[in-house]
Structures are given as C-alpha cells and as structure tokens.
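S.K.:
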Amino acid sequence: MITAKKVIIKSKSFRSIKKLYQQAFPENEKLPIWILVLMSLRKCVDFYSFYDKNVFCGFTYLIHYKKMTFVLYLATDSSVRSKGYGAGILDWIEKAYQENSIVLNIETVSEKYDNFEQRLKRQKFYYNNGFQDTGYTLYDKKDIYDVLITKNSANFSEGEYKNLFRRFSFGFITINLVRKN
C-alpha cells in the first residue's frame, strides 16, 4: 500500500523527486523545480511524493479549481515501474479528491510521431485506469495534447479548465483549447 507525503525542499526524497522529474518529462513540458516548490505553497496546489513503506515510488503535482483537479505531473520511479504504483497513485488521487473530476493531458496519439508506441502505451494506461477523452485538444506552441477526465466527459468545463491555468499562473498562461470534430 502506498502512502503520500507533501513535498518540501527539505523532504528526504527531494533529490529523488528532482532526478525523476528531470528524467521523466521533456524539456518543453518542465517548469523550473524551484517554481513548482514555490507554487506548491498555494492552497490550489498539492505536491506529493509516494512511498511503499520506505521505498520512493514517484510523485504527483496537482492543481485544483472548483470541482476540478488537474494532474500536471505524475511520474513513477523507473526502478519500480510496471508494479502498479502509477495506478496506485491515480487511485490515491481519486480517493483524496473524490468530489472532483480528475483531468490531465497526454500527448496526442498518432502514428506520425516518432514516439507513437510510448504515446499509445500511456493512453492505454490512463484508459485502463478510468480516464476517457473529453473531446478537447490542447495546442501548446508546437505540441498537441488530448485532455482526459475520470468522470463523464460531459462534466468537463472548458471554462473551468482555462480558469484553472489562469489562476495557477497568475494570468500568465493562456491556453488554446479546441473542441474535436
């Protein structure tokens, strides 16, 4: 059974979190780690590390707005990957924020991308863990993401999603969200 702990710079696993963060996400998707830590002091943000007993399993970074919890980052340590910890973290998030729809973005799955297999595997992982497509696509510079949600996609609010980013970024992040045909 996994347990969650709030991340602070003095956390015993902070070095592990920082290393995993650097390895797990492409440069274009990363904010500086010090900004993440600083922003996690806000009430609308939760930054958690996860453990199985004393073994570091991974982390997640969550942003909340009204009845929506957005998973900005979720990563499991490569040494424990494929052992159910990613699903365990998602389950923990759903239980901890059971009143909210859980939303996240994944890279759009298409054979035109070099990492098609990786994208497809990630999509299957989230679909197997109760997520479904909202019917929206996020365009971010040159990257394209599908927006997924845990509960009925009819509950997805484009306005709340945009406001979540606006509130988190103090208005500096505006997103290009488009309804799929």
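Counted from 1, the sequence shown has number 56 at position 56 by UniProt numbering; the numbering is strictly sequential.
Beta carbons: idealized from backbone N, C-alpha and C, even for Gly.
(1) Residue 110 to residue 180, Cα distance in whole Å?
(2) Can you tell me which of the three DSSP states residue 14 falls into?
(3) Please classify residue 174: is it buried, with 16 or more other beta-carbons within 10 angstroms of its beta-carbon, or exposed?
(4) Find the nearest neighbour of residue 182 within the set 45, 106 and 78, judged by alpha-carbon distance.
(5) Can you have a look at residue 38 and say buried or exposed, based on whether 16 or more other CB atoms are within 10 angstroms of its CB?
(6) Can you find the residues in the same chain that come closer than 7 Å, C-beta to C-beta, to residue 44, ignoring five residues on each side of it along the sequence?
(7) Return yes when the Cβ of residue 85 is within less than 7 Å of the Cβ of residue 58, no when it is not.
(8) Output the residue ranges of the alpha helix (DSSP H) runs that lie fully inside the UniProt domain "N-acetyltransferase" (2-151) and measure 4 residues or longer, sorted by chain position.
(9) Determine the extent of the beta strand (DSSP E) in which residue 176 is found, giving its start and end residues.
(10) Does the distance from the CB of residue 50 to the CB of residue 89 come in under 7 Å?
(11) Which residue wins for smallest C-alpha separation from residue 16, given the options 114, 55 and 29?
(12) Let's see if you can read the secondary structure: which residues bound the alpha helix (DSSP H) around residue 155?
(13) Within this structure, are the beta carbons of residue 115 and residue 68 separated by less than 7 Å?
(14) Round the Cβ separation of residue 136 and residue 164 to the nearest angstrom and send it over; I've been treating them as touching at under 8 Å.
(15) Around the C-beta of residue 78, are 16 or more other C-beta atoms found within 10 angstroms, so that it is buried, or is it exposed?
(16) Measuring CA to CA, which of 134, 18 and 143 is closest to residue 158?
M.R.: In this structure, then:
(1) 15 Å
(2) helix
(3) exposed
(4) Any answer about residue 182 is impossible in this case: the structure gives the chain only from 1 up to 181.
(5) exposed
(6) 63, 64, 65, 167 and 168
(7) yes
(8) 14-24, 33-39, 85-96 and 116-128
(9) 176-179
(10) yes
(11) 55
(12) Where residue 155 is concerned, there is no enclosing alpha helix (DSSP H), given that its DSSP letter is neither H nor E.
(13) no
(14) Contact flag wrong, Cβ pair sits at about 13 Å.
(15) exposed
(16) 134
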